[in-house]
Amino acid sequence: MPDYAIGVDLGGTNLRVAAFRPEGQMLEKISVPTNIGAGREHLIQTITEGIRKVTGEHLGERLLGIGIGVPGFILLEKGIITKSPNLPGLENFPMRDELEQRLATKVILENDANAAALGEKWMGAGRGVDDLVLLTLGTGIGGGIISGGQVLHGYLGMAGELGHILVDPRDGAAACGCGSTGCLETQASATAIVRMANEEIQAGRSPGLARHADAVTSAVVYEVAMEGDAEARSIFERMGRALGMGLSVLINTFNFPLYLLSGGVLHAWDLFAPVMLEETRKRSLTLRQSDTRIDKAELGDLAGLYGAARLVL
Ligand SMILES: [Zn+2]
3 MPDYAIGVDL
13 GGTNLRVAAF
23 RPEGQMLEKI
33 SVPTNIGAGR
43 EHLIQTITEG
53 IRKVTGEHLG
63 ERLLGIGIGV
73 PGFILLEKGI
83 ITKSPNLPGL
93 ENFPMRDELE
103 QRLATKVILE
113 NDANAAALGE
123 KWMGAGRGVD
133 DLVLLTLGTG
143 IGGGIISGGQ
153 VLHGYLGMAG
163 ELGHILVDPR
173 DGAAACGCGS
183 TGCLETQASA
193 TAIVRMANEE
203 IQAGRSPGLA
213 RHADAVTSAV
223 VYEVAMEGDA
233 EARSIFERMG
243 RALGMGLSVL
253 INTFNFPLYL
263 LSGGVLHAWD
273 LFAPVMLEET
283 RKRSLTLRQS
293 DTRIDKAELG
303 DLAGLYGAAR
313 LVL
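The following block contains the structure:
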C-alpha cells in the first residue's frame with residue numbers, strides 16, 4: 003500500500019491541493035477559486051471538497067496527513083490563524099481541529115512563506131542544504147527560515163516576518179501595512195515598485211513611465227526600464243539596495259550558506275541583482291569571508307504546495 007501526503011496552498015484567490023509521494027514526487031494538483039466573499043462555512047467546505055477530490059484518486063493508499071500553507075499569522079500549538087488580511091473570515095477560528103474532525107486525518111497549518119521555504123529545502127534550490135532563508139517578493143514580502151532542516155518558528159509560530167526588516171529609518175519613509183515605516187516590503191515588493199513608479203510619474207520625472215500612468219504594474223516598470231528609462235531603472239536599483247540591506251542583516255545574523263528569492267518580480271533579476279549583491283557585500287563581513295550564496299528559488303509558486311506536504315512527512 004503506497005503512502006502519500008497532501009499539500010494545500012490556501013490563497014486569497016485560489017485554493018490548490020496536490021498529492022505527493024514521500025520521496026517528493028507530485029502526483030496531481032487541482033486548483034479551485036477560494037471565493038472568500040461567500041463566508042467561512044463555504045470556504046471550509048471548498049477546502050474539504052478539494053481535499054476529498056484528490057484523496058478520491060488514492061483509494062487503497064495510505065494518507066499520511068495534510069499540510070496547509072496559509073497567508074497569515076498562525077498560533078501553531080492551537081492550530082488557529084490569528085491574523086490574515088487575505089482571509090479575514092478565518093481569523094481566530096479553530097481551523098486545524100475543525101478540518102481534522104471533518105477529514106478524520108492529521109492536519110498541520112503553517113504560514114505560507116514558511117511552507118515555501120520548506121518546499122525549496124525539500125525539492126527546490128535548497129536541496130542538500132539544512133539552513134536557508136527564503137524571501138518571497140510579491141504584493142508584500144514574506145520570509146521563511148529553515149534551520150537544521152526545520153522551519154524556525156519562534157515561541158508562537160510567528161518568526162520569519164522578514165518583510166518588516168527596517169531598511170529606511172528616515173522620517174517620512176513609506177508607511178508599511180504592519181504599522182511601521184521604511185520596512186523592506188515598502189522598498190522591494192511588487193507593490194513598492196508600483197508605488198515608486200507612481201511617485202516618479204507624479205513628480206514628472208519619467209516620460210517613459212508617464213505613458214503607462216493608467217496601468218502601472220511591476221512588469222510595466224520593468225519594460226520601461228529595459229527601454230532605457232533612467233528613472234525606471236533607478237527604481238530597481240533602490241529595490242536592489244533595500245534587498246542588499248535586508249540580506250546583510252540576515253547573513254550577519256544567521257551565517258547560513260544559502261539565501262533564496264522568489265516571486266514574479268524575479269524576472270527583473272538582471273536589473274536589481276547587481277546592486278543587491280554589491281550592497282550585501284558592502285554590509286556583510288560574513289559574506290565577504292565565506293562562500294555564502296544568494297540565488298533564485300526554483301519551485302516558483304509551487305514551493306508552498308511542496309512545503310505543505312513535507313510538513314506531515
Ligand atoms: Zn512592515
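Note that the sequence shown ends on residue 315 in the numbering used here; no numbers are left out.
Heads up, the beta-carbon is just placed ideally off N, CA and C, and yes, glycines get one too.
Excluding residues up to 5 positions away in sequence, G14, L45, L89, G91 lie with their Cβ nearer than 7 Å to the Cβ of I38 in the same chain. Here the alpha carbon of G121 sits roughly 8 Å from the alpha carbon of A311. Cβ-Cβ separation between G230 and E281: approximately 23 Å, too far for a contact (criterion under 8 Å).
Exclusion of the five residues before and after N116 leaves G146, V153, G162 as the residues of its chain whose Cβ lies within less than 7 Å of its Cβ. Under the Cβ criterion (8 Å, minimum of three pairs), the segment 167 to 179 does not count as touching the segment 118 to 134. C-alpha of L313 to C-alpha of I203: approximately 45 Å in a straight line. A distance below 8 Å between beta-carbons, with the five flanking residues on each side excluded, links I32 to the following residues of its chain, in chain order: R18, V19, A20, G52, K55, V56. By the criterion of a C-beta distance shorter than 6 Å, H214 is surrounded in its chain by V222, once the five residues flanking it on both sides are discounted. When DSSP states are grouped into helix, strand and coil, I167 belongs to the coil group. Taking G159 as reference, the option from N257, F274, R64, I82 with the minimal CA-CA separation is I82. Beta-bridge annotation (DSSP): S33 is paired with R18. Distance from the CA of V10 to the CA of L105, rounded to the nearest whole angstrom, comes to 14 Å.
Spatial neighbours of V267 in its own chain (CB-CB distance under 6 Å, excluding positions within 5 residues in sequence) are listed in chain order as L139, A192, S220. As a beta-bridge residue in DSSP terms, D5 pairs with R64.
Look at Q152 here: in three-state DSSP terms it is strand.
The nearest non-hydrogen atom of ligand 1 is less than 6 Å from the C-beta of S182. For H166, the CB falls within less than 6 Å of some heavy atom of ligand 1. CA-CA distance, G128 to G206, rounds to 43 Å. In this structure, V72 sits near L12, with a CB-CB distance shorter than 7 Å. In the three-state reduction of the DSSP assignment, R213 falls in the coil class. Classified as buried, C178 has 16 or more neighbouring CB atoms from the shown chains inside 10 Å of its CB. The C-beta distance from I143 to A190 rounds to 6 Å, short enough to fall under 8 Å. Our two residues, E93 and G181, have alpha carbons roughly 19 Å apart in a direct line. Here L186 is near G248, since their CB atoms are less than 7 Å apart.
Taking C-beta atoms as the reference points, L211 and F238 fail to come closer than 7 Å.
Here A106 carries a coil assignment [DSSP, helix/strand/coil]. Nearest Cα to E100 within the set E63, I76, Q47: Q47. Residue pairing for D11: DSSP places it in a beta bridge opposite R18, G71. When the five nearest sequence neighbours on each side are left out, no beta carbon in the same chain lies closer than 7 Å to the beta carbon of L61.
Rounded to whole angstroms, the separation of the alpha carbons of Y308 and D297 is 19 Å. I195 is the residue among R243, I195, G242 whose C-alpha sits nearest the C-alpha of E225. Between the C-alpha atoms of R235 and T141 there is a straight-line separation of about 20 Å.
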